[in-house]
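Position 376, counted from 1, in the sequence shown is what full-length UniProt numbering calls 376; the numbers after and before it change by one each time, with no gaps. Glycine included, every Cβ here is placed at the ideal spot set by N, Cα and C. Here the structure is laid out as structure tokens; the discussion comes afterwards.
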Amino acid sequence: MKVAVFIAEELPSNGGSYTFTSEIINSLIKLASESSHTFLVFGWQKEIPQQFLGAKNICYISLWDGITKSWLYGLNVILNTIFQKLRYPKTKFKIENWYENFILLRPLQKHEIDIIWNICPYSLTTKIPNIVTVWDLQHRMQPYFPEVSTEGWKWDEREQYYLKTLKRASFIITGTNTAKTEIERFYEVPSERIKVLPLPTPQFALNPALRNDKSIRDKYNLTDEYLYYPAQFWPHKNHANLLLAVKLLKDKYDLKFSVVFTGSDKGNKEYIREMAAKLDISLQVHFLGFIPQEDLISLYQNAFALTFVTFFGPDNLPPLEAFALGCPVVASKVSGATEQLQDAALLVDPKNPEDIALAIKSLWDDISLRQTLVQRGFLRASQWSQEDYVKGIFSILDEFATIRRCWGQK
1 MKVAVFIAEE LPSNGGSYTF TSEIINSLIK LASESSHTFL VFGWQKEIPQ
51 QFLGAKNICY ISLWDGITKS WLYGLNVILN TIFQKLRYPK TKFKIENWYE
101 NFILLRPLQK HEIDIIWNIC PYSLTTKIPN IVTVWDLQHR MQPYFPEVST
151 EGWKWDEREQ YYLKTLKRAS FIITGTNTAK TEIERFYEVP SERIKVLPLP
201 TPQFALNPAL RNDKSIRDKY NLTDEYLYYP AQFWPHKNHA NLLLAVKLLK
251 DKYDLKFSVV FTGSDKGNKE YIREMAAKLD ISLQVHFLGF IPQEDLISLY
301 QNAFALTFVT FFGPDNLPPL EAFALGCPVV ASKVSGATEQ LQDAALLVDP
351 KNPEDIALAI KSLWDDISLR QTLVQRGFLR ASQWSQEDYV KGIFSILDEF
401 ATIRRCWGQK
């Protein structure tokens, strides 16, 4: 079969989605020759990216190729619609799905694509069989957070997308059986069309050539033992309850930890900064913003613990990164966390600062517990790789090929 893969213009500052997409694409390039299918990767770069040159069973196609014809065709349709409106004022004036029809479908039809594999949680068209990825359904699970209800990709828009896309998907990929159950529950998709492929540990964290750079403390003026939390400043990331836990550790247990925040601002950073000031712990809180990957690695390796206290799940990449880099993990006991993290992390109630504080304190009091978690983390991080994930996709494509051969190109 011919399989289309779309690459969005992801930026490193987008965090986990950038890491996941770039590493899966690299693994696909490496493994494509082992598949019986041909992969056509569509993107917006005008020149073919270097990593595709010489690769077997996979090629890169710029969406700029032939875009002039698409735009001219699209403009002609729009003008005809306008003229129709002028001639017949009572007709409905609407250009539907212009991006899908004029930019996407033409190259897909030209290259006789059999199925689309959507690596990240978006599907650009349902007019061709496709594999859809779902990381979470938090607009259903926790609709009170503004970022899934009233801001950005709003609740109604999300729900319409999932209602249309999941019911039409040839297959749905998700990372845990917990998420699979949620998809079945909310959207009544048959179980056999939902495939569980765990999120792989990012390759950059598994690289054995990495060295622990202790100068990171000097670079960012980190004098105390610090807790690390790499998370964009969304409300659901729960920086607030972590600050309350840090305050409790200081006032109730006489333990002074710094906390290091990295990640881009999504509108909540100033609120968290003001909260730290009101709690009188501003000197313990470091806002580093977006940092290069080599600094991210060193921050993990030198941290007292990763405190990943998000309200969202079930799949999250930072705990896997921490596991691979020898950093103990305190993580939220969200739906699916036990399935993903197994026994390699201390799970806490993200709503309860006392619970978070006590987990951190237990790592301080019990060195053997800390060492045990580190060893379990190494084992968990090595269980599932990008190559395993891509080979899982190959198996799904092989299954669909037995169905797709029943009709020709339309």
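Taking the beta carbon of residue i as the centre, do at least 16 other beta carbons fall within 10 Å, making it buried, or is it exposed?
i    : result
Q386 : buried
T165 : buried
K56  : exposed
A231 : buried
T150 : exposed
N207 : exposed
F301 : As written in the sequence, residue 301 is Gln, which differs from the Phe given in the question. Buried: at least 16 other Cβ atoms inside 10 Å.
A277 : exposed
N241 : buried
R405 : exposed
D365 : exposed
N238 : buried
G54  : exposed
S332 : buried
S382 : exposed
G408 : exposed
L180 : Note on residue identity: the sequence assigns Lys, not Leu, to residue 180. It is buried - the Cβ of K180 has at least 16 other Cβ atoms within 10 Å.
T91  : With a pLDDT of 40 at T91, under the threshold of 50, the predicted position of this residue should be treated as unreliable, though the coordinate-derived value follows. Exposed, since its Cβ has fewer than 16 Cβ neighbours within 10 Å.
K410 : exposed
G289 : exposed
G43  : buried
P143 : exposed
Quick one: what's got a C-beta closer than 6 Å to residue i's C-beta in the same chain, skipping five residues either side?
i    : result
W117 : V3, V5 and I131
I403 : none
E225 : F257 and F304
E399 : none
L28  : V390
A205 : E321, A324 and L325
Q51  : I29
I82  : Unreliable positioning characterises I82 in this predicted model, as indicated by a pLDDT of 45, which lies under 50. The coordinate reading is nonetheless provided below. Contacts found: none.
Tell me, which residues are paired with residue i by DSSP?
i    : result
L347 : A331
D265 : F233
S258 : Y226
S62  : G43
A4   : L40 and I116
N221 : According to DSSP, N221 bridges with nothing at all.
T133 : I173
K195 : I173
Apart from the five residues on each side of it in sequence, which residues of its chain come closer than 8 Å, Cβ to Cβ, to residue i?
i    : result
V189 : L166, K167, A169, I172 and I183
H111 : K2, A4, L40 and I61
V329 : A305, L306, F308, P319, A322, F323, L341, A344, A345, L346, L373 and G377
E96  : Because E96 sits at a pLDDT of 45, beneath the cut-off of 50, its placement in the model cannot be relied upon, and the following sentence gives the value as read from the coordinates. Nothing listed; no residue qualifies.
E294 : D213
W64  : W44 and K46
Using only CA atoms, which one of the options lies nearest to residue i?
i    : options                  : result
R140 : G54, S17, I115 and D156  : D156
D114 : E151, T38 and R217       : T38
L163 : T126, L363 and I216      : T126
L296 : Y229, E354 and P314      : Y229
Y161 : V134, K252, I25 and K46  : V134
V196 : Q409, T19, P49 and S395  : S395
P314 : S335, S298 and E159      : S335
E159 : I24, D136, I128 and T181 : D136
Y220 : Q45, G408 and P292       : P292
C120 : G152, E47 and G175       : G175
A397 : L124, L104, R193 and T19 : According to the sequence provided, residue 397 is Leu. The question's Ala does not apply to it. Residue R193 is the option with its Cα nearest to L397.
L105 : Y122, S123 and I128      : I128
Leaving out five residues before and five after residue i in sequence, what residues of the same chain have Cβ atoms less than 7 Å from its Cβ?
i    : result
A355 : As written in the sequence, residue 355 is Asp, which differs from the Ala given in the question. If we look at D355 and ignore the five residues flanking it on each side, its Cβ neighbours are V348 and D349.
A337 : G313, P314, A331 and L347
L369 : S362 and L363
L255 : L249, K361 and W364
What do you reckon, is the C-beta of residue i under 7 Å from a heavy atom of the ligand GDP?
i   : result
E47 : Of the ligands one can find in the structure shown there are none, so the ligand GDP has no counterpart to examine.
Is the region 306 to 314 touching the region 342 to 356 in the sense that three or more CB pairs, one from each, lie closer than 8 Å? With the cut-off at 8 Å, the region 342 to 356 and the region 306 to 314 touch.
Does the contact criterion of 3 or more C-beta pairs under 8 Å hold for the region 268 to 286 versus the region 242 to 252? Yes, the region 268 to 286 touches the region 242 to 252.
Touch check for the region 359 to 378 and the region 316 to 330: three-plus C-beta pairs under 8 Å? Per the Cβ contact rule, the region 359 to 378 is in contact with the region 316 to 330 (3 or more Cβ pairs under 8 Å).
Taking contact to mean at least 3 C-beta pairs separated by less than 8 Å, is the region 385 to 401 in contact with the region 31 to 47? Pairwise C-beta distances place the region 385 to 401 in contact with the region 31 to 47, as three or more of them are shorter than 8 Å.
Segment contact, 8 Å Cβ cut-off, at least three pairs: the region 222 to 241 with the region 259 to 274: They touch, by the three-pair rule.
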